[in-house]
Amino acid sequence: MRALSVRRRGDAGELVLGDVPEPLLEDGEILVEAVAVGVCGTDREIVAAGPRRPPEGRDALVVGHESLGRVLEAPATAGVAPGDLVVGIVRRPDPVPCPFCATGRFDLCENGRYTERGILGRDGFASERFRLEPEYAVRVDPALGLAGVLVEPASVVAKAWEQLDHAARRPPRRALVLGAGPIGLLAALLGTQRGLEVHVVDRVAHGPKRRQAEALGAIYHTSTDQLDGVFDAVVECCGALVAEAVARTAPGGAACLVGVGDIRSAGTVDLAALTRDLVSGNKIVMGTVNSNRCHFEAGHDALRRAGAAWAGGLLTGQVGLEAWSGAFASDPGGIKSVIRIGS
């Protein structure tokens, strides 16, 4: 079967479409025909630098952690059946459980030897077929269609909102989302579904980002200078506006950093001033990454409530497997790139 695999070539990575062996039964009892994989910043980093930790005994890693597939074979007890659409949970816990893994919170694993499909130590889903263990397969409503590939990124923001719900100590009314990529727009979706007044900031003035935000009823800005007042909950999704995220958090409010630190933010953060702001305002700042089954289910529920029309509007770049390189090209005005693999 064909798959997209990355290997290190000198100081960089090389991504190729080629033949790989069929998935082994030891990888899971559920056999899945891939429909599509999403491409995000993590994938681009892996392709640029090469795999940080390929599967044991190999030098190549099948990429793709944002999956959508159709079940071909499954045991009767799997919770899914042939024909069902599914996505795969990404992380697998360290075989030696840390205190978090011992209670089922493998998304918080602190042992450092966990694996992640398509990221660390285990092949991803950018192959014509893959296998899943029943406990790591999440059934997708067929009404979502291709937009089911958004369940994994939706799970990340579902976890961010879970943390914000617990951390903020003031009644939530207003929320701020910094960045209108797929993570930012999904964060805005979950904010509006909570009944909040949601503001979204992105430097792209026109196009699908603005349309998708405004379709939710969110208020769209092209600069933080256009914002008025402070916000009970802030979700920083671009990594470049950390100082602005803290400054715009209301006293007693909370900010969640989802975007990985961008070098552009380094010169804008005055640590002493930041500390004074946090202390004097009783503010909470936290970070989040990865997700657990409960977050996948919450993300799936949010997408179902949004509907396939809105969710599908995030898929602005769709290419076939043979044209995979187009999904890795930069498109500042686009939202989500997807590689279609099967029917």
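One point on numbering: in UniProt numbering, the residue at position 14 of the sequence shown is 14, and numbering is uninterrupted.
Think of the CB as a built atom: it goes at the ideal place given N, C-alpha and C, for glycine as much as any other residue.
On the three-state DSSP scale, how would you describe residue i?
{"i": "Ala266", "result": "For Ala266, the pLDDT reaches just 49, beneath the cut-off of 50, and the residue's location in the model is therefore unreliable, leaving the point undetermined."}
{"i": "Arg92", "result": "strand"}
{"i": "His221", "result": "strand"}
{"i": "Val279", "result": "helix"}
{"i": "Leu150", "result": "helix"}
{"i": "Ala78", "result": "coil"}
{"i": "Cys256", "result": "strand"}
{"i": "Asp59", "result": "coil"}
{"i": "Phe130", "result": "strand"}
{"i": "Leu333", "result": "First, the amino acid is wrong: residue 333 is Gly here, not Leu. In the structure shown, Gly333 sits in coil (DSSP, three-state: anything other than H, G, I, E or B)."}
{"i": "Thr115", "result": "strand"}
{"i": "Ala167", "result": "helix"}
{"i": "Ala3", "result": "strand"}
{"i": "Ala327", "result": "helix"}
{"i": "Glu26", "result": "helix"}
{"i": "Leu32", "result": "Residue identity check: residue 32 is Val in the sequence provided, not Leu. Val32: strand per DSSP, three-state reduction."}
{"i": "Val86", "result": "strand"}
{"i": "Val204", "result": "coil"}
{"i": "Arg9", "result": "strand"}
{"i": "Gly124", "result": "coil"}
{"i": "Ile339", "result": "strand"}
{"i": "Gly312", "result": "helix"}
{"i": "Glu236", "result": "strand"}
Alpha carbon to alpha carbon, how far is residue j from residue i? Give it in angstroms, no decimals.
{"i": "Gln212", "j": "Gly57", "result": "44 Å"}
{"i": "Ala254", "j": "Glu116", "result": "29 Å"}
{"i": "Thr222", "j": "His206", "result": "9 Å"}
{"i": "Ser330", "j": "Gly195", "result": "34 Å"}
{"i": "Pro99", "j": "Gly28", "result": "25 Å"}
{"i": "Arg174", "j": "Pro23", "result": "47 Å"}
{"i": "Asp301", "j": "Val47", "result": "31 Å"}
{"i": "His289", "j": "Val156", "result": "Per the sequence shown, the amino acid found at residue 289 is Val instead of His. Looking at the two C-alpha atoms, the distance is approximately 6 Å."}
{"i": "Arg53", "j": "Thr249", "result": "37 Å"}
{"i": "Ile339", "j": "Leu108", "result": "29 Å"}
{"i": "Ile341", "j": "Gly320", "result": "6 Å"}
{"i": "Pro21", "j": "Ala137", "result": "22 Å"}
{"i": "Asp11", "j": "Asp123", "result": "21 Å"}
{"i": "Gly317", "j": "Val37", "result": "12 Å"}
{"i": "Ile89", "j": "Ser343", "result": "21 Å"}
{"i": "Asp277", "j": "Val246", "result": "8 Å"}
{"i": "Gly64", "j": "His166", "result": "31 Å"}
{"i": "residue 346", "j": "Pro93", "result": "Look at the range of the chain in this structure, 1 to 343, and you will see that residue 346 is not part of it."}
{"i": "Arg203", "j": "His295", "result": "29 Å"}
{"i": "Gly121", "j": "Asn292", "result": "18 Å"}
{"i": "Leu17", "j": "Gln193", "result": "40 Å"}
{"i": "Val201", "j": "Ala81", "result": "42 Å"}
{"i": "Gly79", "j": "Pro142", "result": "15 Å"}
Which residue comes first and which comes last in the beta strand (DSSP E) that contains residue i?
{"i": "His199", "result": "197-201"}
{"i": "Ile284", "result": "284-287"}
{"i": "Glu244", "result": "Careful: Glu244 lies outside any beta strand (DSSP E), inside the alpha helix (DSSP H) at 242-247."}
{"i": "Glu73", "result": "66-73"}
{"i": "residue 344", "result": "Given a span of 1 to 343 for the chain in the structure shown, any question on residue 344 remains unanswerable."}
{"i": "Val319", "result": "317-320"}
{"i": "Arg174", "result": "174-178"}
{"i": "Ala12", "result": "12-19"}
Are the beta-carbon atoms belonging to residue i and residue j less than 8 Å from one another?
{"i": "Cys40", "j": "Glu66", "result": "yes"}
{"i": "His199", "j": "Leu164", "result": "no"}
{"i": "Leu303", "j": "Leu146", "result": "no"}
{"i": "Ala34", "j": "Leu150", "result": "no"}
{"i": "Ala306", "j": "Leu189", "result": "yes"}
{"i": "Leu257", "j": "Gly281", "result": "no"}
{"i": "Val32", "j": "Gly118", "result": "no"}
{"i": "Gly217", "j": "Cys237", "result": "no"}
{"i": "Val87", "j": "Asn111", "result": "no"}
{"i": "Ala233", "j": "Leu186", "result": "no"}
{"i": "Pro51", "j": "Arg8", "result": "yes"}
{"i": "Gly148", "j": "Leu271", "result": "no"}
{"i": "Thr275", "j": "Glu244", "result": "no"}
{"i": "Arg170", "j": "Gly252", "result": "yes"}
Where does the unbroken alpha helix (DSSP H) through residue i begin, and where does it stop?
{"i": "Gln226", "result": "Unbroken run through Gln226: none, as it is neither H nor E."}
{"i": "Asp43", "result": "41-49"}
{"i": "Asp301", "result": "293-306"}
{"i": "Arg53", "result": "It is not in any alpha helix (DSSP H) - Arg53 carries neither H nor E in the DSSP assignment."}
{"i": "Gly184", "result": "182-193"}
{"i": "Glu214", "result": "208-215"}
_Measuring CB atoms only, is the region 169-182 touching the region 199-214, in the sense that at least three cross pairs come out at less than 8 Å?_
yes
*Spell out a yes or no on whether the region 121-135 and the region 3-11 are touching, meaning 3 or more CB-CB pairs, one atom from each, closer than 8 Å.*
yes
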